[in-house]
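Colleague:
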Amino acid sequence: MYPYRINLFLAVALVMLGLWSFQASGRDNHTLIVPALGILLSFFHRPLLNAPERFFKIVIALTGIIFLTLLLPLKNSLESGHQMGTLRVALMLICTAAALVMYYKIWRLQKACKPKSICLDSGLMFDIREVYKFPLISCSRSMASKSALKFPFPNDFAPLR
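Straight run, no breaks: the sequence shown in the working numbering ends on number 182.
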């Protein structure tokens with residue numbers, strides 16, 4: 022799943038569940054914090070779609086803060102014995118925890134698949150694929166046969182006859 026989709030799902034879930042809490046609590050103003058946080062998360066939908074690398078860590082941190090802020094209302098609703106309030110806060114926590122788990126998996130994949138880069142004497146960083154003209158690994162067939170290096174793609178130009 023993509024980070025911008027997870028972000029949008031979490032934002033919509035927080036707004037809807039937060040407004041449900043606001044209506045059910047008799048219009049208590051402190052329950053409007055959760056929909057406000059959902060709206061704040063929704064502002065990161067477009068930046069995550071266009072440039073996910075820049076805003077991904079901000080969204081992860083904001084989601085973690087939302088998770089931590091939802092722990093106190095859960096404790097309060099458990100102590101008061103209000104079952105529907107506990108259900109609403111638990112649903113918000115489950116959605117936020119699921120988003121955090123998916124963000125973590127995406128972050129690990131991004132970290133593992135980062136292209137290797139080299140640093141030249143001038144201090145400039147280059148992607149290895151830009152420095153070498155040919156692939157650095159051969160296809161599995163040539164590795165198995167121990168023959169000459171065979172590239173995985175055919176020759177682009179046919180010989181002239």
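The C-beta atom is built at its ideal place from N, Cα and C for all residues, glycine as well.
Just mark S101 as buried or exposed, buried being the case when its beta carbon has 16 or more other beta carbons within 10 Å.
Modeller: It counts as exposed.
Colleague: Does DSSP classify G102 as helix, strand or coil?
Modeller: Of the three classes helix, strand and coil, the one that applies to G102 here is coil, per DSSP.
Colleague: For V122 and Q44, what's the separation of their Cα atoms in angstroms?
Modeller: Cα to Cα, V122 sits roughly 30 Å from Q44.
Colleague: Are the beta-carbon atoms of V80 and F64 separated by less than 8 Å?
Modeller: Cβ distance not < 8 Å, so V80 and F64 don't count as in contact.
Colleague: Please name the residue in L130, I87 and T52 whose C-alpha comes closest to that of C116.
Modeller: Per the Cα distances, I87.
Colleague: Would you say V36 and I54 are within 8 Å of each other, going by their C-beta atoms?
Modeller: Taking 8 Å as the Cβ cut-off, V36 and I54 do not qualify as a contacting pair.
Colleague: Go ahead and pull the three-state DSSP assignment for A72.
Modeller: In this structure, A72 counts as coil in the three-state DSSP scheme.
Colleague: Would you check if the distance between the CB atom of V110 and the CB atom of L89 is smaller than 8 Å?
Modeller: Not in contact: V110 and L89 (Cβ atoms no closer than 8 Å).
Colleague: Give the secondary structure of S42 by DSSP, where H, G and I count as helix, E and B as strand, and everything else as coil.
Modeller: If DSSP states are grouped into helix, strand and coil, S42 belongs with the helices.
Colleague: Please classify M205: does DSSP put it in a helix, a strand, or coil?
Modeller: Look at the range of the chain in this structure, 22 to 182, and you will see that residue 205 is not part of it.
Colleague: Ordered along the chain, which non-local residues of its own chain (more than five positions away) have a Cβ less than 6 Å from that of A34?
Modeller: Only C116 meet the Cβ criterion.
Colleague: Would M32 and L69 qualify as a contact pair, given that the criterion is a beta-carbon distance under 8 Å?
Modeller: Residue identity differs from the one stated: residue 32 is Ala in this sequence, not Met. Not closer than 8 Å, so no.
Colleague: How is the alpha helix (DSSP H) around K59 delimited, first residue to last?
Modeller: The sequence shown places Gly at residue 59, not Lys. From DSSP, the alpha helix (DSSP H) with G59 extends over I54 to S63.
Colleague: Measure the C-alpha to C-alpha separation of P56 and P73 and round it to an integer number of angstroms.
Modeller: Spanning the two alpha carbons is a distance of roughly 23 Å.
Colleague: Among the candidates S42, G39 and R75, whose CA atom is the shortest distance from the CA of Y25?
Modeller: The residue with the shortest Cα to Cα distance from Y25 is R75.
Colleague: Helix, strand or coil for R26 per DSSP?
Modeller: Of the three classes helix, strand and coil, the one that applies to R26 here is helix, per DSSP.
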